[in-house]
Amino acid sequence: MTRCSSNIHMLHVIFMTKTFFIAFYCLICMTLQKPPESGLATCVFWEDKRTNITENEKPGDIIHWSEEGCWLSYSDENHTVCSCSHLSTFALIMQIGESTFLEWLNRVCVAVGLFFFALAILTFLLCSWNPKINNTARLHLCLTLGLSHLLLLWNDKFVACTVMAGILHFLVVASFMWMLLEAVQLYLLVQRLTKVQVIQKDGLPWPLLYLIGYGVPVVIICVSALLYSDGYGLTEAGACWLSQKRSFNWALTGPVIAVLVLNFILFIATLWSLRQTLANMKSGASQSQDTKVIIFKIVAQFVILGCTWILGLYQTNIFFQVLFIVLNSQQGTFLYVVHCLLNKEVREEYIRWLSSSAFKKRGASEVSLIGV
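In UniProt numbering, the protein residues as written are 1 to 372.
Shown next, in the form of structure tokens:
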């Protein structure tokens with residue numbers, strides 16, 4: 001085994017056809033020994049285009065490793081089988097690095113995030129909220145994000161991988177739709193504040209929320225599956241996810257970019273609407289305090305639900321990979337802190353729960369002492 005670069009291993013062929021001097025078309029299969037490192041294995045051949053150079057081709061496109069006509073047929077802990085439909089110089093290249101460290105970091109961070117997702121969901125369901133507050137979008141945002149993180153943590157590639165990839169696609173798109181709906185809710189609330197309206201209940205009616213939050217993702221997944229039914233399944237990275245063939249990954253990338261752009265527009269529009277309101281308000285007024293809280297939630301939510309996903313586009317080095325894993329996995333923690341811990345009513349509810357629990361324990365201990 002020889003090292004080609006800092007991140008690539010080239011492996012010599014252990015077993016293959018004795019000679020490649022064959023005069024007719026055939027399928028070439030090679031069994032190659034894998035190195036102990038974990039990583040993404042790719043079957044390639046050495047492509048040389050020096051005889052047919054065009055003006056638009058870059059130097060790196062003339063001589064390079066190419067996957068065209070080669071694919072990975074089978075892989076286990078010790079060997080990998082590559083198949084190619086042509087003759088050339090073949091090899092198995094593997095992208096290696098800090099995958100083990102990143103995998104364990106991701107598992108630990110996601111587990112912590114799931115714990116706070118569970119706390120946030122229980123808080124939204126069990127707390128006595130102000131009737132004016134509509135937590136539907138926040139609750140379902142936590143549900144969809146939490147379930148998607150849980151499935152990504154489990155990611156069993158041996159059990160119904162196609163189904164799991166489809167469910168993951170649905171949950172991720174649904175979580176982005178609920179992010180958008182939460183931004184719309186905040187924008188509508190600010191609009192009512194600027195018009196000095198009495199807020200009966202903030203936001204959109206719940207039937208419309210459910211229709212957009214879950215209906216749009218269902219339509220996207222159904223259309224994607226109809227256009228390319230083989231787009232869901234086990235990827236080359238060994239994960240149950242969307243295939244990159246035929247640009248199928250745009251079935252997720254497209255909606256995500258659209259939601260992030262709309263979130264940014266709503267973010268700017270909301271701050272612009274509050275500009276005049278803040279200038280006219282007295283600093284001591286309760287409405288001013290409410291508006292400041294709203295501004296904080298807007299900024300925090302945009303950073304939590306927008307910027308963390310943008311980091312996923314910059315996975316060029318270990319720093320950005322670690323930053324993306326930590327921030328993206330802690331969305332549950334951030335949502336719990338912003339919408340639960342920093343909410344005065346929720347803190348008071350927590351105190352009542354703890355006081356009631358302590359009182360019951362003390363009463364039970366006194367009864368047991370009397371019995372003795």
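Virtual Cβ for every residue (Gly too), placed ideally from N, Cα, C.
Asked	Found
Go ahead and label residue 138 buried or exposed: buried means 16 or more other beta carbons lie within 10 angstroms of its beta carbon, across all protein chains shown.	buried
Taking the CB atoms as reference points, tell me whether residue 144 and residue 178 lie closer together than 7 Å.	yes
Just the C-alpha distance for residue 148 and residue 297, rounded to the nearest angstrom, thanks.	23 Å
Excluding five sequence neighbours on each side, which residues of the same chain lie with their C-beta closer than 7 Å to the C-beta of residue 140?	178 and 213
Residue range of the beta strand (DSSP E) that residue 79 falls in?	79 to 84
Nearest to residue 268 by alpha carbon, out of 252, 78 and 295?	295
Answer yes or no: do residue 261 and residue 176 have a C-beta to C-beta separation smaller than 7 Å?	no
Measuring CB to CB, does residue 161 end up less than 7 Å from residue 231?	no
In the DSSP output, which residue or residues are listed as bridge partners for residue 65?	46
Whole angstroms is fine: what's the gap from residue 342's alpha carbon to residue 301's?	13 Å
Quick check on residue 331: buried or exposed, where buried means 16 or more other Cβ atoms within 10 Å of its Cβ?	buried
Could you please give me the residues that DSSP links to residue 72 through a beta bridge?	82
Helix, strand or coil for residue 125, going by three-state DSSP, please let me know.	helix
So, is residue 321 buried or exposed, given that buried needs 16 or more other C-beta atoms within 10 angstroms?	buried
Confirm, please, whether the CB-CB distance from residue 357 to residue 110 is below 7 Å.	no
Strictly by DSSP, which residues pair up with residue 240?	234
Give me, in chain order, the residues of the same chain whose beta-carbon lies closer than 6 Å to that of residue 173; leave out the 5 immediate sequence neighbours on both sides.	217, 220 and 255
Quick one: what does DSSP say residue 131 is sitting in, helix, strand or coil?	coil
What three-state label does DSSP hand residue 204 in the structure shown?	coil
Below 8 Å on the Cβ atoms is my contact criterion, and I expect residue 73 with residue 45 to pass it. Report the Cβ-Cβ distance as a whole number of Å.	The Cβ separation is near 15 Å, so there is no contact.
How many whole angstroms separate the CB atoms of residue 151 and residue 164, which I take to be in contact at a CB cut-off of 8 Å?	6 Å
Can you tell me whether residue 171 is buried or exposed? The criterion is at least 16 other CB atoms within 10 Å of its CB, across all chains shown.	buried
Tell me which residue opens and which closes the alpha helix (DSSP H) that residue 138 is part of.	136 to 154
What separation, rounded to the nearest whole angstrom, lies between the Cα atoms of residue 346 and residue 120?	11 Å
Helix or strand or just coil, what does DSSP make of residue 248?	coil
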